[in-house]
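Undergrad:
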Amino acid sequence: MTGLVQLSIDDGVAIITLHRPEVRNAINDEMRAELISIIEQVGNDNAVRAVVLTGSGQSFCSGGDVGGMKERLAVPAGDVAFNGWRRQQRTHKGVAALHGLGKPTIAAVNGAAAGLGCDMALACDFIVASEEAVFMMSFIKRGLVSDGGGMYFLPRRVGLSRAKELIFTGRSVAPTEALDIGLADRVSPAATLVSDAAAWGRELGRGSSAAIALSKAILDRTFETAEEQVFALGREAQAICYTTAQHHDSVAAFLDKSKRRER
Numbered sequence: 010m011t012g013l014v015q016l017s018i019d020d021g022v023a024i025i026t027l028h029r030p031e032v033r034n035a036i037n038d039e040m041r042a043e044l045i046s047i048i049e050q051v052g053n054d055n056a057v058r059a060v061v062l063t064g065s066g067q068s069f070c071s072g073g074d075v076g077g078m079k080e081r082l083a084v085p086a087g088d089v090a091f092n093g094w095r096r097q098q099r100t101h102k103g104v105a106a107l108h109g110l111g112k113p114t115i116a117a118v119n120g121a122a123a124g125l126g127c128d129m130a131l132a133c134d135f136i137v138a139s140e141e142a143v144f145m146m147s148f149i150k151r152g153l154v155s156d157g158g159g160m161y162f163l164p165r166r167v168g169l170s171r172a173k174e175l176i177f178t179g180r181s182v183a184p185t186e187a188l189d190i191g192l193a194d195r196v197s198p199a200a201t202l203v204s205d206a207a208a209w210g211r212e213l214g215r216g217s218s219a220a221i222a223l224s225k226a227i228l229d230r231t232f233e234t235a236e237e238q239v240f241a242l243g244r245e246a247q248a249i250c251y252t253t254a255q256h257h258d259s260v261a262a263f264l265d266k267s268k269r270r271e272r
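Here the sequence shown is numbered in my numbering, starting from 10 and rising by one per residue.
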């Protein structure tokens, strides 16, 4: 790895930092591959209870690397579409890995989150915005559509008509408005943004890891899944939870506490 994505783990919370500050953390193919690898690493680490995604320098992520876009357009015309399709597969692999991570994920948006950067923030379970954050669905300004899951995630946060307005205009959204419309969940001072997000992550990840992962997997599908299917998924998840050490230990502790109270 070349350090384009940095990882630190503190008290059960993994801090993943996008690290190309000289280009406002724009995502190129190399950074994307590193991000996927690190997401898979923390996903398999039982000591990690929650994940915070942030950016180095003054920006969260300015989106896709425009320099890479120029190179892509320079290839023979007959290769542009297929090359783009393959690149989109890699992009979607990264977004799906982040969104599907079986642990609470928080985007700590420290500056501009534009285009794919905004999509990646939306792929997290929660968004904490710095007072200096700016959100922009800026694809329209490059003659493009949201390609990092924003057309799926954004309407679920802000509603369909507002999502259309933000995508059609590509306008900037400041932290106060982001909080008001549900685009962000909390606003923190810039100086304590990451530590605030990490503290929330510890709170969110304190419970049974199995119950959290299973609940998240079901909740993320509820808008497009029929009621009975959600019930069925819940039954299956509960059956798994019945077998976990965390469930057995918590029941035993509760019964022991009740017994001591009766004495």
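From the three backbone atoms N, C-alpha and C, an ideal C-beta is built for every residue, glycine too.
Could you say which of 200, 32 and 234 lies nearest to residue 122 if we only look at CA atoms?
TA: 32
Undergrad: Does the structure place the stretch 216-228 close enough to the stretch 160-169 that three or more beta carbon pairs sit under 8 Å?
TA: no
Undergrad: Can you list, in chain order, the stretches of the beta strand (DSSP E) that have 3 or more residues and sit fully within the stretch 154-211?
TA: 195-197
Undergrad: Would you call the CB atoms of residue 63 and residue 26 closer than 8 Å?
TA: Going by C-beta atoms, residue 63 is nearer than 8 Å to residue 26.
Undergrad: If you follow the alpha helix (DSSP H) that residue 228 is part of, which residue opens it and which one closes it?
TA: 218-228
Undergrad: Just mark residue 197 as buried or exposed, buried being the case when its beta carbon has 16 or more other beta carbons within 10 Å.
TA: buried
Undergrad: Are there 16 or more other CB atoms within 10 angstroms of the CB of residue 262, so buried, or fewer, so exposed?
TA: exposed
Undergrad: Is residue 133 near residue 107, with beta carbons less than 8 Å apart?
TA: Yes, Cβ-Cβ distance for residue 133 and residue 107 is below 8 Å.
Undergrad: Would you report the Cα separation of residue 156 and residue 125, rounded to the nearest angstrom?
TA: 7 Å
Undergrad: Between the stretch 52-61 and the stretch 10-29, do three or more beta carbon pairs fall short of 8 Å?
TA: yes
Undergrad: Give the secondary structure of residue 250 by DSSP, where H, G and I count as helix, E and B as strand, and everything else as coil.
TA: helix
Undergrad: With contact counted as at least three CB pairs below 8 Å, one residue from each stretch, are the stretch 140-152 and the stretch 179-188 in contact?
TA: yes
Undergrad: To the nearest angstrom, how far is the alpha carbon of residue 43 from that of residue 269?
TA: So the two alpha carbons sit approximately 52 Å from each other.
Undergrad: Would you kindly check if the distance between the Cβ of residue 113 and the Cβ of residue 228 is under 8 Å?
TA: no
Undergrad: Do you know how far the Cα of residue 127 is from the Cα of residue 149?
TA: Going from the Cα of residue 149 to the Cα of residue 127 covers about 13 Å.
Undergrad: Measuring straight from C-alpha to C-alpha, what distance separates residue 245 and residue 260?
TA: 20 Å
Undergrad: Would a C-beta distance cut-off of 8 Å place residue 16 and residue 29 closer than the cut-off?
TA: no
Undergrad: Measure the C-alpha to C-alpha separation of residue 188 and residue 195 and round it to an integer number of angstroms.
TA: 7 Å
Undergrad: Between residue 54 and residue 211, how many whole angstroms is the CB-CB distance? I'm expecting something under 8 Å.
TA: Incorrect: roughly 15 Å between the Cβ atoms, too far for contact.
Undergrad: Consider the C-beta atom of residue 121 and the heavy atoms of the ligand MG; say whether any pair is separated by less than 7 Å.
TA: The ligand MG is not part of the structure shown, which contains no ligands of any sort.
Undergrad: Enumerate in chain order the residues of its own chain whose CB-to-CB distance from residue 255 is below 6 Å, with the five nearest sequence positions on each side excluded.
TA: 217
Undergrad: Roughly how many whole angstroms lie between the Cα atoms of residue 118 and residue 265?
TA: For the pair residue 118 and residue 265, the Cα-to-Cα distance works out to about 44 Å.
Undergrad: Tell me whether the beta-carbon of residue 177 lies closer than 8 Å to the beta-carbon of residue 120.
TA: For residue 177 and residue 120, no; Cβs fall outside 8 Å.
Undergrad: Three-state secondary structure (DSSP) at residue 134?
TA: coil
Undergrad: Would you report the Cα separation of residue 46 and residue 225, rounded to the nearest angstrom?
TA: 21 Å
Undergrad: By a C-beta neighbour count over all protein chains shown, 10 Å radius and 16 as the cutoff for buried, is residue 94 buried or exposed?
TA: exposed
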